[in-house]
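Q: Next up is a structure, given as structure tokens.
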Amino acid sequence: MALCSALMTIFTIKMGTAKQAINQGRSPVIIDNTNTQAWEMKPYVEMAIGKGYRVEFHEPETWWKFDPEELEKRNKHGVSRTKIAQMLDRYEYQMSISIVMNSVEPAHKSTQRPPPIEEGQRWGGPLGSHNHICVTYNH
3 MALCSALMTI FTIKMGTAKQ AINQGRSPVI IDNTNTQAWE MKPYVEMAIG
53 KGYRVEFHEP ETWWKFDPEE LEKRNKHGVS RTKIAQMLDR YEYQMSISIV
103 MNSVEPAHKS TQRPPPIEEG QRWGGPLGSH NHICVTYNH
């Protein structure tokens, strides 16, 4: 049984190359993406399960994982604090394969952005804001 660790060859990828890595039987395949809701992870999980991989969900263990101000300082993509707070507001906790596989992309009833998060909203909980999906091939 393979475990995701820094000691193994790690492939950090997005959807386009995830399929290629999975089809090549690479293990582990780590998909490092800002998945805030289960439906966003579903294509990766479907690919992995379809090819016989074991799927694990990992989250960062940082003190700042729910701190929009600190996340704004540390992100390399120029994502604003307001946008980060909105992402944290829709974050789904306690991820599992069954939750992901039963998830459905929401119907977008409006193209308007949700109202900004009120100042002072606090974040907490046992999980982080940046999911890592790790798939390992069971030989």
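Each residue of the sequence shown is one higher than the one before, starting from 3 at the first, in our numbering. Here a beta-carbon is modelled for each residue, glycine too, at the ideal position from N, C-alpha and C. On a predicted model such as this, the values are computed, not experimentally measured, just so you know.
1) Should the stretch 71–89 be called in touch with the stretch 19–26, which here means at least 3 C-beta pairs below 8 Å?
2) Assign Ala50 to one of two classes, buried (16 or more other C-beta atoms within 10 Å of its C-beta) or exposed (fewer than that).
3) I'd like to know whether the C-beta of Ser105 is nearer than 8 Å to at least one C-beta of chain C.
4) Measure the alpha-carbon distance for Glu63 versus Ile99 and round it to whole angstroms.
5) Along the chain, where does the alpha helix (DSSP H) containing Asp91 start, and where does it finish?
6) Do Val47 and Met89 count as a contact pair if the criterion is CB distance below 8 Å?
A: The relevant details are as follows:
1) no
2) buried
3) Going by chain labels, chain C is absent from the structure shown, which holds only one protein chain.
4) 21 Å
5) Arg83 to Asp91
6) no
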